[in-house]
Amino acid sequence: MIADLATGPVFTDEYWVDPYATLSRLREIAPVREVDLPDGGSTWLVTRYDDVRAAFTDPRLAKDPRALLPEAQRPAEPLIPGPTGHMLLLNDPPVHTRLRKLVVQAFTVRRVAALRPRIEQIATSLLDALPPDEPVDLVAGYAVPLPMAVICELLGVPPVDREAFAQWSNTMIDNSPHEAKEQASASLAAYLAELVEAARADPDDALLSALVAASDDGDRLTDTEIVAMGMILLIAGHETTANLVTNSVFALLRDPDLRTRAVAGRTAGEPLAPLVEEFLRWGSPVSNAPARFAAADVELGGVVIPAGATVTLSLAAANRDPARFDAPDLYDADRDTSGHLAFGHGIHFCLGASLARLEGEVALGTLLDRYPDLEPAVALSDVVHRHSVLIHALASLPVRLRP
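Residue numbers for the sequence shown follow my numbering, beginning at 556 and rising by one.
The structure is reproduced here in structure tokens:
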């Protein structure tokens, strides 16, 4: 198996179930190597912490594929059609600098912090709707609808449309056919464009109205740029938190001692933030950062990645690198988690990190307070994992909610 990973396939059935075993072996024998992607093409996968962190701030690794073209041949508009090409995470300075400066005016720490009471209400109402002592899917019944409700309320999306939002997001994240991804992206963009138009005509307290109003010396976001921001907030905003909650509960179910300690901490009034932060490092809800493009030859870990190549930085591998974290495969809420890369690093550090942390704390805290003895409703070995290069997530998590 070790020899196979030096040249063979990485994204196999074994990877979907437990990416960490595969990534650990890669870190040792081929920390920077070209791998085939499930949907075709290839990428250079980087797995050591120091290399991943350095790559995040290397300007030669661009987010915008236009950087691969000679400067005189670069079009004014993004190569990726529609609003998607205007997303923050697909642009480099100076475009990225301008977009982020405007967006942070609307997506403030104060706005996020003010959401706590509402997030607590949503968490409580979702648990109220789940029957105790009967098998329920914690993914569909709690982990996904909670952040979905939060982000939809932020954007001003009516409850009746949220199921469609979730379907579009899942299609765009999972290893779906290219045509299906394009259709989901187009449907989401068209829907958000209608919301932006409504926000311009009749402003309210929702985030889209704040994005419409944001300005800097007369500069404002275009409707296309606001739609792009809404798209990334929806996808990243609910996927990250849903995976954080689900993977954390899955870990608690697999380790009774860890669950006992977490419940005891809640009873004693201990803050949940350290627990969540270690889950972020240990469980890396986003396994691999979205692709980068080598605008020039880039040497990482003694390997030269050729200009024109696609590069993928493995957050999951970096966060479990023993060169950075002692005994990294062990969950330890007392460890110093500073420097973990669950939300990236550098100018593309996740804009919604504070919201994901808050939602994770509330979701896990509310669940543990109410159902400290929850238990799996199926053998944990039978739990189905989603097939996605980008995220590590469960398709479902059947549990019984024991008070």
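The beta carbon of each residue, even a glycine, is placed where N, CA and C say it ideally should be.
Check	Outcome
For Asn874 and Val607, the rounded distance between their alpha carbons	10 Å
Asp887 in three-state terms, based on DSSP	coil
Contact under 7 Å by Cβ, Gly711 with Ala761	yes
Minimum C-alpha distance to Asp884 - residue among Ala806, Leu560, Pro829	Ala806
Buried or exposed (CB count within 10 angstroms, at least 16 for buried), Asp591	exposed
Endpoints, beta strand (DSSP E) assigned at Asp568	Looking at the DSSP string, Asp568 is not in any beta strand (DSSP E); the run it does join, the alpha helix (DSSP H), is 568 to 572.
Alpha-carbon to alpha-carbon, Leu578 and Tyr570	8 Å
Short Cβ contact (7 Å threshold) for Leu763 with Ala754	yes
DSSP-derived helix/strand/coil call for Pro953	strand
Separation of Gly820 from Asn843, as counted between CA atoms	31 Å
Paired residues, beta bridge with His940 - DSSP	Leu949
Three-way DSSP call (helix, strand, coil) for Asp852 in this model	coil
Cβ shell of Ala888 (< 7 Å), same chain only, five flanking positions each side left out	Pro829, Leu830, Glu833
Helix, strand or coil at Leu616 according to DSSP, with G and I counted as helix	strand
Nearest-angstrom Cα separation, counted from Pro702 out to Leu685	17 Å
Assigned secondary structure, Leu709 (DSSP; H/G/I helix, E/B strand, else coil)	helix
Limits of the beta strand (DSSP E) - the one that Ile902 falls within	Element bounds for Ile902: n/a, residue is neither H nor E.
Separation of Asp559 from Pro648, as counted between CA atoms	39 Å
C-beta atoms of Glu794 and Ile706 nearer than 7 Å	no
Cβ pair Pro620, Leu634 closer than 7 Å	yes
Cβ shell of Pro574 (< 7 Å), same chain only, five flanking positions each side left out	Ser842, Ala871, His947
C-beta contact flag for Leu868 and Ala610 at 7 Å	yes
Residues near Ser893 by beta carbon distance below 6 Å, same chain, minus five either side	none
With 16 other Cβ atoms within 10 Å as the buried cut-off, status of Ala918	buried
Cβ neighbour criterion (16 or more within 10 Å) applied to Lys656	exposed
Short Cβ contact (7 Å threshold) for Phe848 with Ala617	yes
Beta-carbon gap between Thr779 and His641 smaller than 7 Å	yes
Simplified DSSP assignment, three categories, for Ile860	strand
Endpoints, beta strand (DSSP E) assigned at Val587	587 to 591
Minimum length 4: unbroken alpha helix (DSSP H) runs contained in the stretch 763 to 822	778 to 809, 811 to 822
Cβ distance (whole Å) where Val866 is taken to contact Val601 below 8 Å	7 Å
Ala678 versus Gly915 - alpha carbon distance	11 Å
As assigned by DSSP and simplified to three states, the class of Thr892	coil
Between the CA atoms of Ala934 and Ile902 - distance to the nearest angstrom	42 Å
Enclosing beta strand (DSSP E) for Pro690 [first to last residue]	690 to 692
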